[in-house]
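Residue numbers (UniProt numbering): 1 to 616. C-beta atoms are modelled at their ideal positions from N, C-alpha and C, and glycine is treated no differently. As the structure is a computational prediction, the values presented were derived from the model and not from experiment. Scroll down for the structure; my scribbles are underneath it.
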Amino acid sequence: MYGPSRGQKKQFIFVFFAVSTIILFELRFNQTYDSNTNTSITTPSYESTKSSFRKAGKRLIDKYDFHQLSSFMKQLARAQRYERNEHISTIMLDKIKELSRMGFVKLSSKNANKITIIFNGINEINDISHLLSNLKVFKNDATFRSTNILFGLSGAMSAIHRKEMKALKKIHSNVKWVDLSTLEPLASSLTKLLENVETKYVLMARNLRYFDESFDLKTFIKPLIEGDADVVSGSITYPDGQWSTGCFQSKLIWSQYILQFGRDLYHRRKWLVCDFIEGPFAMETKFLLGYFKNNPNTPEELLYLQLGFKLNIQNKNIKVHPGSIFHIGNSKNWLRSLKRDQWKEFIISNSISEIILTLDDNEIIHHEFGYYEGKSDCGWQKHDMLKPRSCLRYMHNELMEIYKLFDKLGYQYTNDDGSALAAIKLDDTLPWDLDQDFGFRTQNLTNLMLHKADFDKIGVRLQFDLDKPCMKDTSLSGNKFAYCGYVSFFIQNWRLECWGSYILMGDFYEPWKIPSGYEYRMKKRRIFGHYTKVRMRDHWSMSRPNPGYYTRGRYGLDVLKHVKHWMQGGAGGNFLSNYITAPHFKKCPETRPEHVHLCMDQYLADGNIQFQHPWA
1 MYGPSRGQKK QFIFVFFAVS TIILFELRFN QTYDSNTNTS ITTPSYESTK SSFRKAGKRL
61 IDKYDFHQLS SFMKQLARAQ RYERNEHIST IMLDKIKELS RMGFVKLSSK NANKITIIFN
121 GINEINDISH LLSNLKVFKN DATFRSTNIL FGLSGAMSAI HRKEMKALKK IHSNVKWVDL
181 STLEPLASSL TKLLENVETK YVLMARNLRY FDESFDLKTF IKPLIEGDAD VVSGSITYPD
241 GQWSTGCFQS KLIWSQYILQ FGRDLYHRRK WLVCDFIEGP FAMETKFLLG YFKNNPNTPE
301 ELLYLQLGFK LNIQNKNIKV HPGSIFHIGN SKNWLRSLKR DQWKEFIISN SISEIILTLD
361 DNEIIHHEFG YYEGKSDCGW QKHDMLKPRS CLRYMHNELM EIYKLFDKLG YQYTNDDGSA
421 LAAIKLDDTL PWDLDQDFGF RTQNLTNLML HKADFDKIGV RLQFDLDKPC MKDTSLSGNK
481 FAYCGYVSFF IQNWRLECWG SYILMGDFYE PWKIPSGYEY RMKKRRIFGH YTKVRMRDHW
541 SMSRPNPGYY TRGRYGLDVL KHVKHWMQGG AGGNFLSNYI TAPHFKKCPE TRPEHVHLCM
601 DQYLADGNIQ FQHPWA
């Protein structure tokens, strides 16, 4: 859902067309050179031109960081994942494959191949002896021998493994260890270890039992060195021998976070492009140190989950090399073990209200949190931003409870204004709505006071405005539908507005319900039939006889396109005005990255699938 920044777009456009030109020239040269016709005879000037052009292309590529190309590819892949038009989706996928074949990269910095491997023996690694023996396997690996290795051990652990450490140091001279307390929290342990790292990159060997004998460190860290990835990881093997890529894709749409095992893109050299990873990983030391320092109180079971979420919303390039195998020690899939209360802490910190997790065995874990439980901010939002999904869920569910109570008590009502529009367009509540509206038969309004206890049970408080002359004299009611009376239904941060009328629109179909004295107003338009009902998620609610004509007449020709609430400029500040539509929503104000999913400009200004519940 999140796209590249403007800077990324400009840089990519320039680089993309330049590289495309290079490729076209290369194709043309190759075609000329390989042709069986007379034109295949090449001259020195041709070879000179070809060589000069290649050199120019190399200078161009060196000037621009192709990390932007990888970032663009990831965003294009993500957009393809959201695209509903099959033809467009296929075209996007073809372009992704073409871009993935580009092999132009550059070293990110001098001596960037230096990396430190961290083994946290306090919180994450259980069998230090096994690991120390495993590292000796790589005694002939030049990359391993030049790599810094840092252990986090308690004083007692250091004493136990002193001989083994000395033996390893003879093979790998860059081995060090840091004394840590056994009571050290995970974030604190990792912070202290990272503060002792001098290399640009670090490999976090979390939960590692041992490296596979085929593990090639040089291949593993190559995308980091070339600036082709921000984070690299490998596949994982569990103690029972089960293997997994540990690669997940994600979607974050209006407070709903979907994390699904699998991948939909692979990069050159068979690297998988992921949004979230399970196994050990390598990345820039500075970023990781900053993260752990700023999150000292994050629960241990959420520390890496929160890190993965942060990396993804910042559009970091995360890649997995399936051929680089890490044998890990924890039971299969730590995400599976997270309890609802643990997920709650995660959603609160990220303004999310719903989690849908699909694991590698297709098990689906689903947790939805109400606005109160999830501590959602249902107050007034900035313009062009949505309230969290849980807030609108609450308002919608309360409206349905009221409708169901009306049905039970035998009272007639009808969707009105924005609520009618939402039912017709989305089968739901408008994500940007500020209240709910419905019509109610005036002659029954005073009876609502008799059911205060029923409304109390569903958390609704009533405020009546029935001191109107038309309540006693129906001839004083306004316009041909005889409007009269008003009741507010209050629920927490919301107000549901009930507008009284002696004649409801459904009376076109059931004219015998029209009060005496009003028959003449609809005499020519009487239609015997049934009330029209529209679906609002889990309830069929009464609506206008012709929902399509009603919304068109009420809001204008472009009513099926989306516009924010009239009080926020959607209808020029006048609730009686027609919609002012546009191809897209206005740009969202500056906000924290983890709140971008609440920005209206992240969504299409048309269609209803993107707001369905749940959206997967």
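Under DSSP, leucine 338 shares a beta bridge with no residue. DSSP places threonine 551 inside the alpha helix (DSSP H), whose first and last residues are 547-555. Residue burial annotation: lysine 564 is buried, with at least 16 other C-beta atoms found within 10 angstroms of its C-beta. Spanning the alpha carbons of histidine 130 and methionine 165 requires a straight line of approximately 12 Å. According to the DSSP assignment, leucine 450 belongs to no beta strand (DSSP E), since it is labelled neither H nor E. Listed as beta-bridge partners of alanine 282 by DSSP are Leu203 and Val232. Around the beta carbon of histidine 597, a 10 Å sphere encloses 16 or more other beta carbons of the protein chains shown; the residue is thus reported as buried. Put simply, the backbone Cα of glutamine 612 is about 21 Å away from that of aspartate 437.
With fewer than 16 other Cβ atoms inside 10 Å of its own Cβ, tyrosine 372 counts as exposed. In this structure the stretch 313-327 lies against the stretch 242-257, because at least three pairs of beta carbons, one per stretch, are closer than 8 Å. Selection Ile458, His396 and Lys452 evaluated against arginine 535 yields His396 as nearest (Cα-Cα). Fewer than three beta-carbon pairs drawn from the stretch 470-478 and the stretch 402-417 are found closer than 8 Å, and the two stretches are therefore not classed as touching.
With fewer than 16 other beta carbons inside 10 angstroms of its own, glutamate 213 counts as exposed. Per DSSP, the unbroken alpha helix (DSSP H) holding proline 223 starts and ends at 217-225. Apart from the 5 residues on each side of it in sequence, aspartate 275 sits with its Cβ closer than 7 Å to the Cβ of Phe248, Gln249, Ser250, Asn312 and Ile318 in its chain, given in chain order. With a beta-carbon spacing of about 6 Å, asparagine 126 and glycine 329 fall inside the 8 Å limit used to define contacts. Selection Ile352, Lys139 and Ile609 evaluated against lysine 375 yields Ile352 as nearest (Cα-Cα). Ranked by how close their Cα comes to the Cα of leucine 186, the residues Thr591, Leu466, Leu302 and Glu354 have Leu302 in first place.
Remark: C-beta atoms of isoleucine 258 and alanine 205 do not approach each other more closely than 8 Å. Cβ neighbours of phenylalanine 144 within its own chain (closer than 6 Å, five residues either side excluded): Phe138 and Leu217. The stretch 578-613 contains no complete alpha helix (DSSP H) run of 4 or more residues.
The Cβ atoms of lysine 136 and isoleucine 88 lie no closer than 8 Å to each other. It is roughly 6 Å from the alpha-carbon of isoleucine 236 to the alpha-carbon of glycine 279. Arginine 209 sits in a strand when the DSSP states are folded into three classes. For tyrosine 291, the three-state secondary structure derived from DSSP is helix. Around the beta carbon of asparagine 447, fewer than 16 other beta carbons lie within 10 angstroms, which makes this residue exposed.
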